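K.L.:
Residue numbering for the sequence shown follows the working numbering, beginning at 973 and increasing consecutively. A virtual CB, placed ideally from N, CA and C, is assigned to each residue, including glycine. For clarity, every value in this text was computed on a predicted model and none was experimentally measured.
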Amino acid sequence: MKTLKTMTIFLLLTATFTVFGQTTTDSEVEKRYIEVTGTAEKEIIPDEIYISITIRERHEGKEKITIDK
């Protein structure tokens, strides 16, 4: 009888520890994360320059002005 009572108490304690060992708190449920927001600017020195030059001959009055003048 004493052995049965001891065994029953042991099983109840084991079941209780198992149930309470599986509980989670709110901090464990929330996943931790890092949120980063930002901007950046950088001034650079250009290493290439594109230049466009257009040369045209035109007429002024009745005279044609050439590139040589």
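The beta strand (DSSP E) with residue 1036 in it runs from where to where?
P.N.:
As a working note, residue 1036 is residue 64 in the sequence shown. Taken as a continuous stretch (DSSP letters only), the beta strand (DSSP E) holding residue 1036 covers 1035-1037.
K.L.:
Which residue comes first and which comes last in the beta strand (DSSP E) that contains residue 1032?
P.N.:
For the purposes of this step, residue 1032 is taken as residue 60 along the sequence shown, with counting starting at 1. 1030-1032 is the span of the beta strand (DSSP E), which, as asked, contains residue 1032.
K.L.:
How many Å lie between residue 992 and residue 976 at the Cα?
P.N.:
Your numbering for residue 992 matches position 20 in the sequence shown. Your numbering for residue 976 matches position 4 in the sequence shown. Taking the straight line joining both Cα atoms gives about 24 Å.
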